[in-house]
Structure formats: structure tokens, C-alpha cells
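*Asks:* Heads up, the sequence shown is in the numbering used here, so the first residue is 433 and it goes up one at a time. Glycine included, C-beta positions come from ideal geometry on N, C-alpha and C. Sharing a structure with you now.
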Amino acid sequence: MKLTRRNIIMTNIEKHFNEFKKHRLSTIVRTNDYDHAMKIIEGSIAGGINFIELTLTIPNVFELIKEARKRFPDANIGAGTVLTIDDAKKSIAAGATYLVDPVCDVELLKWCNEQDVLLIASGATPTEMYNLQMGGAKIIKFFPAMIGGPEMVKLILNPFPQFNLLATAGPNQSNMDEYFKAGVLGCGITADLGGAPVGTSLEEITEIAKKYVAITAKYL
């Protein structure tokens, strides 16, 4: 085989995919308060979570991505609710290390793959997930996971064991074990962490993050 730069140097997609496989957990920050979003980021990282998704619905989110990358350079700060290529470009320019979308958009996936940017695209049905897998998705976001829960994960993975599923909008402290036992690659948490109400202290957020990390550690 002829050696090329691509053969001998890991791509950014592969790098971030491999890093996520080591952690298997992300915080999905969804709030309308910029300062509170930063508090959730800080508490999540202090609690041991390395992957933080900042949804584009947060006010001044691109500035938030820049600030978070500057304050926490060792963390993976991603952009979520990415719906268009323009959203993707702005997120990447702000410093997002990975992207997440809430829909099955094969064209956006193709563009991100061409840019060597990890996109975690979403599927809610086996057909959507299969189309994303065939389009080159490394990780498929099962969204919203609450529509079928861990039992649906099992049913999907029976014929499609190659799917690397990230369950979101469903996992919480009481049921996350069941999602991992069902076979998901990882869980993305809003619930009481990324969705912690304004007024929740940094210390409280950090302790919540630690609880999720402790659950996930059993499956690493």
C-alpha cells in the first residue's frame, strides 16, 4: 500500500471518535442564560466530563464556544443543534471540535466528512440510522431516546450491531445503566446536568457530573 499523509496521520474525525470511545459521556447544555451555560460547562469538566455540547439555541453561543475553548483547552467543546452548513461553518470558526445535529441530514454529514469534522447526526428509526451509517457516520445520535428507551436500542442493535449509538433526550441518573446494558456507545445528558435550572450552584453541578461519570465508569 502506498503511504500517504492520510494513511500515517490520524484524521480529526478518527481522533475525536477514539476520544469519545474512551469517555462515552457528554453534557448537552441547553439553557437561555449565557453565564449559567458557562457554569454548567465548568461544573461538568470539574466533575470529569470531557465532551460538552453547546446547543446553538444558547444566546451568543459562538462567543460561548470561543470562551469555553480558551478557558478549557483540553476539553472537547462541541456545537449542537447544527442544522445547516452555515451553522457548521460558524461553529467550526468559533472553535467547536465536533458537531451534533438533531436530524438525519446526509448532505450535512457528507460536508462535515469532507472537512474532516466529526458530526454526530441523529436518527430516530432504523432506516434513518442506516442511511447515516452508509453516509459515513462514526457515531449516530439516537434522538429522542425516550421514544423507545433501552428496549428500542436492543431491537435496533440486533440487526445492526455496527451502529455506534449516542442516546440523548432520555438517559438520566436512574436509567443510564439500562442504556449502556442495551449496547449504546454513550449517553448525552441534558436532564439534571446540561438542563440544570438557573440558580443551581457550581458545586451542585460538579457533584451531579461526578455521579454520571461514576455510572459511566462501570462500562469503560
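#1: Give the single residue among I572, D533, G602 whose Cα lies nearest to the Cα of F449.
#2: Is the separation between the beta-carbon of P558 and that of I588 shorter than 8 Å?
#3: Using C-beta distances below 7 Å, list every residue in its chain close to E474, excluding the 5 sequence neighbours before and after it, in chain order.
#4: According to DSSP, is N596 part of a helix, a strand, or is it coil?
#5: Runs of 4 residues minimum, wholly inside the segment 450-524: which ones carry the alpha helix (DSSP H) assignment?
#6: May I ask you to report which of helix, strand or coil DSSP gives F574?
#7: Are there 16 or more other CB atoms within 10 angstroms of the CB of M579, so buried, or fewer, so exposed?
#8: Is it buried or exposed for I441, if we count other Cβ within 10 angstroms and need 16 for buried?
#9: Let's see if you can read the secondary structure: which residues bound the alpha helix (DSSP H) around C544?
#10: Rounded to whole angstroms, what is the Cα-Cα separation between G618 and N464?
#11: Quick one: is G631 buried, meaning 16 or more other Cβ sit within 10 Å of its Cβ, or exposed?
#12: Between the segment 596-607 and the segment 466-480, can you find at least three pairs of beta-carbon atoms closer than 8 Å?
*Replies:* Looking at the atomic coordinates:
#1: Looking up residue 449 in the sequence shown gives position 17. Selected option, being the one with the closest Cα: I572.
#2: As a working note, residue 558 is residue 126 in the sequence shown. As a working note, residue 588 is residue 156 in the sequence shown. In contact: P558 and I588 (Cβ atoms closer than 8 Å).
#3: Reading the sequence shown from its first residue, position 42 is the one you call residue 474. Contacts found: L634.
#4: Reading the sequence shown from its first residue, position 164 is the one you call residue 596. Three-state DSSP puts N596 in coil, outside helix and strand.
#5: Listed in chain order, they are 466-478, 493-503.
#6: Position 142 of the sequence shown, counted from the start, is the residue given in the question as residue 574. Strand.
#7: Position 147 of the sequence shown, counting from 1, holds the residue named residue 579. First, the amino acid is wrong: residue 579 is Ile here, not Met. The residue in question, I579, is exposed, as its Cβ has fewer than 16 Cβ neighbours within 10 Å.
#8: As a working mapping, residue 441 is identified with position 9 in the sequence shown. Exposed, because fewer than 16 other Cβ atoms sit within 10 Å of the Cβ of I441.
#9: Looking up residue 544 in the sequence shown gives position 112. Note, C544: alpha helix (DSSP H), 538-546.
#10: Here residue 618 corresponds to residue number 186 of the sequence shown, with the count starting at 1. Here residue 464 corresponds to residue number 32 of the sequence shown, with the count starting at 1. The C-alpha of N464 is placed about 26 Å away from the C-alpha of G618.
#11: Counting from one through the sequence shown, the residue named residue 631 turns up at place 199. Burial is judged here by how many other beta carbons sit within 10 angstroms of a residue's own beta carbon; G631 has fewer than 16 and is exposed.
#12: Touching, no, given that fewer than three Cβ pairs across the two stretches are closer than 8 Å.
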